[in-house]
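Enquirer: Submitted below is the structure of interest, expressed as structure tokens.
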Amino acid sequence: MSTFVVSNHENCRMEINKLEPTSVWGNFSKLNAVPRPSKKEEEVIAFMLEFGSKLGLETFSDEAGNVIIRKPATEGMEGKKMITLQSHLDMVHQKNADTEFDFNTQGIEMFVEGDWVKAKGTTLGADNGMGVAAIMSLLESNYIPHPPLEALFTIDEETGMTGAFALKEGVLKGEILLNLDTEEDDEIDIGCAGGIDVTA
Numbered sequence: 001m002s003t004f005v006v007s008n009h010e011n012c013r014m015e016i017n018k019l020e021p022t023s024v025w026g027n028f029s030k031l032n033a034v035p036r037p038s039k040k041e042e043e044v045i046a047f048m049l050e051f052g053s054k055l056g057l058e059t060f061s062d063e064a065g066n067v068i069i070r071k072p073a074t075e076g077m078e079g080k081k082m083i084t085l086q087s088h089l090d091m092v093h094q095k096n097a098d099t100e101f102d103f104n105t106q107g108i109e110m111f112v113e114g115d116w117v118k119a120k121g122t123t124l125g126a127d128n129g130m131g132v133a134a135i136m137s138l139l140e141s142n143y144i145p146h147p148p149l150e151a152l153f154t155i156d157e158e159t160g161m162t163g164a165f166a167l168k169e170g171v172l173k174g175e176i177l178l179n180l181d182t183e184e185d186d187e188i189d190i191g192c193a194g195g196i197d198v199t200a
């Protein structure tokens with residue numbers, strides 16, 4: 001993996017890691033330490049490949065850079081349909097005018113303020129970092145019962161969805177896809193992992 005600057009302060013990271021559920025927030029903190037602006041996802045692709053490989057799971061990337069990780073079912077759920085969980089690896093790379101920050105080399109500087117997790121002068125990366133972190137937590141869990149799982153981490157969602165569009169037929173094995181990228185706290189959206197704009 002290439003070298004990059006991790007600018008998260010250790011005390012802030014420890015504060016984030018105390019939040020519940022600790023596995024999700026811990027994975028979000030690790031993910032946010034990796035630069036991942038749209039169209040420059042090389043570091044985060046390598047990070048995810050290393051993550052899946054260290055768990056001993058089937059892990060690979062396709063020609064576009066999308067990362068796929070598969071986890072066998074837990075005991076008693078082997079006969080269930082494989083579920084594909086999808087999130088995107090890139091993030092919107094915006095900063096305040098008075099903030100000096102290089103998204104290509106720095107990790108996001110997070111901190112807790114009251115009931116909120118915030119970033120110092122930049123976007124937080126929760127879109128879609130929280131979805132990625134939730135899937136990571138499920139992949140590394142030893143106690144959550146689940147059917148066969150397939151994690152799909154696409155690239156470049158924010159500036160064209162080129163990763164999703166480049167995904168070739170037959171790569172995925174799951175029969176059900178759950179997209180973990182939404183904007184409402186109290187709603188479940190049923191739709192597709194894509195989008196269309198209409199002017200009428």
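Heads up, the final residue of the sequence shown is numbered 200 in the working numbering, and it's a clean run with no missing numbers.
Just so you know, even glycine gets a beta-carbon here, dropped at the ideal spot from N, CA and C.
(1) I'd like to know whether the C-beta atoms of Glu-175 and Lys-81 end up nearer to each other than 8 Å.
(2) Under a CB-based cut-off of 8 Å, is Lys-18 close to chain B?
(3) Three or more C-beta pairs closer than 8 Å, one from the segment 137 to 149 and one from the segment 16 to 31: is that the case here?
(4) How close, in whole Å, do the beta carbons of Asn-66 and Gly-163 come, if the pair is a contact with beta carbons under 8 Å?
(5) Measuring only the C-alpha atoms, how far is Lys-54 from Phe-47?
(6) How is Ile-176 classed by DSSP in three states: helix, strand or coil?
(7) Give the secondary structure of Phe-103 by DSSP, where H, G and I count as helix, E and B as strand, and everything else as coil.
(8) Out of Glu-184, Lys-18, Thr-22 and Pro-37, point me to the one whose CA is closest to Asp-156's CA.
(9) Whether or not the segment 107 to 126 and the segment 75 to 89 are in contact is what I'm after, with contact meaning three or more pairs of Cβ atoms, one per stretch, closer than 8 Å; do they touch?
(10) Around the Cβ of Val-198, are there at least 16 other Cβ atoms within 10 angstroms (buried) or fewer (exposed)?
(11) How big is the Cα-Cα spacing for His-93 and Gln-106?
(12) Please confirm whether Asn-224 and Gln-86 have their CB atoms less than 8 Å apart.
(13) Taking Tyr-143 as the reference, give the member of Ala-73, Met-110 and Asp-90 with the closest Cα.
(14) Reducing DSSP to helix, strand and coil, say where Val-92 ends up.
(15) Per DSSP, Ser-61 forms a beta bridge with which residues?
(16) Can you tell which of Ala-200, Lys-95 and Gly-131 has its C-alpha closest to the C-alpha of Thr-182?
(17) Take Leu-177 as the anchor and find which of Glu-43, Glu-150, Lys-118 and Met-91 has the nearest alpha-carbon.
(18) Exposed or buried, Thr-84, counting other C-beta atoms within 10 Å across all chains shown (16 or more means buried)?
(19) Taking all protein chains shown into account, decide if Ala-200 is buried (16 or more other Cβ within 10 angstroms of its Cβ) or exposed.
Expert: In short, the structure shows the following:
(1) Yes, the pair counts as a contact, with Cβ atoms nearer than the cut-off.
(2) This model lacks chain B altogether; it includes just one protein chain.
(3) In short, these stretches touch, since the Cβ pair count reaches three.
(4) Indeed, because the Cβ distance is near 5 Å, the residues count as touching under 8 Å.
(5) In this structure, the alpha-carbon of Lys-54 lies about 11 Å from that of Phe-47.
(6) Of the three classes helix, strand and coil, the one that applies to Ile-176 here is strand, per DSSP.
(7) Shown here, Phe-103 sits in coil according to DSSP, grouped into three states, outside any helix or strand.
(8) Cα-wise, what sits closest to Asp-156 is Pro-37.
(9) With the cut-off at 8 Å, the segment 75 to 89 and the segment 107 to 126 do not touch.
(10) Under this definition Val-198 is an exposed residue.
(11) Approximately 11 Å, taken between the alpha carbons.
(12) Coverage of the chain is limited to positions 1 through 200, which leaves residue 224 absent and any answer about it impossible.
(13) Ranked by Cα distance from Tyr-143, the options Ala-73, Met-110 and Asp-90 are led by Ala-73.
(14) Residue state, collapsed to three classes: coil.
(15) Answer is Val-67, bridged to Ser-61.
(16) Across the set Ala-200, Lys-95 and Gly-131, the C-alpha of Gly-131 shows the shortest separation from the C-alpha of Thr-182.
(17) Taking each of Glu-43, Glu-150, Lys-118 and Met-91 in turn and checking the Cα distance to Leu-177, the smallest one comes out for Glu-150.
(18) Taking a 10 Å sphere around the C-beta of Thr-84, we find 16 or more other C-beta atoms and assign the residue as buried.
(19) Flag for Ala-200 reads exposed.
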